[in-house]
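In the numbering used here, the protein residues as written are 165 to 882.
So this is what it looks like as structure tokens:
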């Protein structure tokens, strides 16, 4: 143990012969680099794991292209929100070392030092490996100069008919200020010279990829493409007739896209709409340029956009690789993709449907757990709502909406419920980042149809995922509840791994009903019977259960902590886990993304193992399991262990009591922790080491979950 490690660990109470279970002598300080990883740097490490899948030759070719696109999409949002926030802190004069020994300005520099090499790797992978591999299989992206002579007239005609009419060249000069660049816009910077006056001016031409395909097909078969920006660049003379094109190059602007809504806003919907109108005009936080852009054009852009040198990123290849999803979406190419997966109907639900029984009768017989995308969202959640709408004994349906899709049947179902005389309540989260506009649209449609629409609280997001159905039975009513870890979004339910619990447990139903009443009414939240709800009770509830494992360990009883989440950041939770590790509690954590906890610190976190699974499906479920004595408590729900989730959001996690459901959740958790083909393990120095299975011992939670789903269907049909 180094002197620094000794000092840090001692401050938290190192076990000694006299006191084997010492209490910590101070609270966790996230500014201490010995005890906490930097949040933003940890996220960049997560995105690096995505990039590694694009570089992985064992992945199918189209899937590698998909991961390259996801890497770029992730990075865009990171700059728009997290890096923008760091620049705001710098502008506010904050110099305190807040994150793992780094202040905001230092964090920006560290991020740049990590991200630029990643961008270089991505470009090399796409340009030198993936594009040639695609070309070998007949999918070519070529330069305009390489278009076959007999195809050039048709391509030029296509430019004149489809592209030229939507282009708007904007020159800079006297009375013509530098044009506004919208967020994530891709543009050509052009130097144009008048041969008569010999005057040279700068002009900007936006690449209209929002309305035209980025990859323009050259042939009728649609397997050979040229880039839209190259087609425009090859025809700049059409935009500047009589002028000489001195130089041109590509650039892209990223702006601050985050916003806050005042807690004094009288009308939350109008306040969010006002902020959305301001979003495109946020400060520039990143300028990406083609690595071949001339120094003259680069200097003009840097000066006009007022960016620092550390905000400038050179891209030695395709800018905005998110558009590679156009190639990923090409029809066919089955041999270049993962084996197709079609979700199956959960066996108990399938049996009930075959026998003509309602989903409510199944739930009355015992809780039902569904695991998406292995179990079908359509035949579970959508069927649950559809039957509630049609059932004359259903009196009320209440639902939270954080993110959903345009083709979701769930929200229209609430409208039909109202038309059938049922009470329908929808809590729409207007502040769901980048889904605000869609949610505003749904909210208005729901209100116009008579659905009771609530927008939550101005100061915090409502992130919980709950459905409540109140059904008349006998001389009373029964509450049926669905509690999920993911959004009510049919598309992401096919791409994200999430859990959903159906139950009619009286205490759980009463808890969810109380939560809805708190959100729609006017009351102070009280402690719930079974569930843990943030921001008032969840953090204490999680820490309390970690403390129970410490008590059990000190008493020589069985003790363990197993968790699966997207992010682990909250200092109180990390501190509690450190204390548990010191008490001898084995701790296994599956953290997909950000992890600020440092494993392997002598005397502090030697008993903590952290792994991350990144694969075909996005690991999105949250599971928290605590073994103490003869008890195992299992929770699942919407919350990650971050300050924003536990302190500033409405979140809900539910205990899983049903023995069969609990066993299944624990089985999923253990498979995630045992994965050694799509998993990385976090080391003491902050590096993530990809696990390599021994011969004959390969484990993949996602492949095993698909096989398990098919096996259960076969057994049910046997």
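Positions of the beta carbon are idealized from the N, C-alpha and C atoms, including for glycine. Here the structure is a predicted model, which is why all the values come from computation and not from measurement.
Residue pairing by DSSP places residue 515 in no beta bridge whatsoever. Pairwise C-beta distances place the region 244-251 in contact with the region 446-460, as three or more of them are shorter than 8 Å. Inter-segment contact for the region 744-751 and the region 711-718 is present: three or more beta-carbon pairs are separated by less than 8 Å. Residue 668 and residue 794 have their C-alpha atoms some 26 Å from each other. Under the DSSP definition of a beta bridge, residue 754 partners with 728, 775. Residue state for residue 576 is assigned as helix, using DSSP reduced to three classes. The continuous alpha helix (DSSP H) containing residue 702 extends over residues 702-718. Beta-bridge partners of residue 368 (DSSP): 334, 353. If only uninterrupted beta strand (DSSP E) runs of at least 3 residues are considered, those enclosed by the region 796-870 are 813-819, 843-846, 852-854. Taking a 10 Å sphere around the C-beta of residue 726, we find 16 or more other C-beta atoms and assign the residue as buried. Taking all protein chains shown into account, residue 692 has 16 or more neighbouring C-beta atoms within 10 Å of its C-beta and is therefore buried. In the structure shown, residue 389 falls within a strand segment according to DSSP collapsed to helix, strand and coil. The DSSP-derived three-state label of residue 746 is helix. Secondary structure note for residue 450: its beta strand (DSSP E) is the uninterrupted segment 448-454. Distance check between residue 648 and each of 660, 489, 699 places 660 closest, using alpha-carbon atoms only.
Approximately 5 Å separates the beta-carbon atoms of residue 226 and residue 501; this is inside 8 Å, confirming the contact. Cβ-Cβ separation between residue 319 and residue 411: approximately 23 Å, too far for a contact (criterion under 8 Å).
Look at residue 490 here: in three-state DSSP terms it is helix. The criterion of a C-beta distance shorter than 8 Å is not satisfied by residue 758 and residue 737.
Note: residue 416 is bridge-paired with 350, 452 in the DSSP secondary-structure output. Assigned with DSSP and collapsed to three states, residue 200 falls in strand.
Secondary structure of residue 693 (DSSP, three-state): coil.
Bounds of the beta strand (DSSP E) holding residue 587 are 587-592. Taking residue 616 as the centre and dropping the five residues before and after it, the same chain places the C-beta of 587, 588, 589, 590, 684 closer than 8 Å to its C-beta, in chain order. Assignment of beta-bridge partners to residue 789 by DSSP yields 726, 798.
For residue 381, the uninterrupted beta strand (DSSP E) run begins and ends at 379-381, by DSSP. The DSSP assignment places complete alpha helix (DSSP H) segments of no fewer than 4 residues inside the region 204-269 at 225-242, 248-255, in order along the chain. Within its own chain, the residues whose Cβ lies closer than 8 Å to the Cβ of residue 722, once the five positions on either side in sequence are excluded, are 716, 791, 792, 793, 794, listed in chain order. In the three-state scheme derived from DSSP, where H, G and I count as helix and E and B as strand, residue 698 is classed as strand. The three-state reading of DSSP puts residue 361 in coil, since its state is none of H, G, I, E or B. Across the structure, residue 742 and residue 469 are spaced so that their CA atoms are roughly 46 Å apart.
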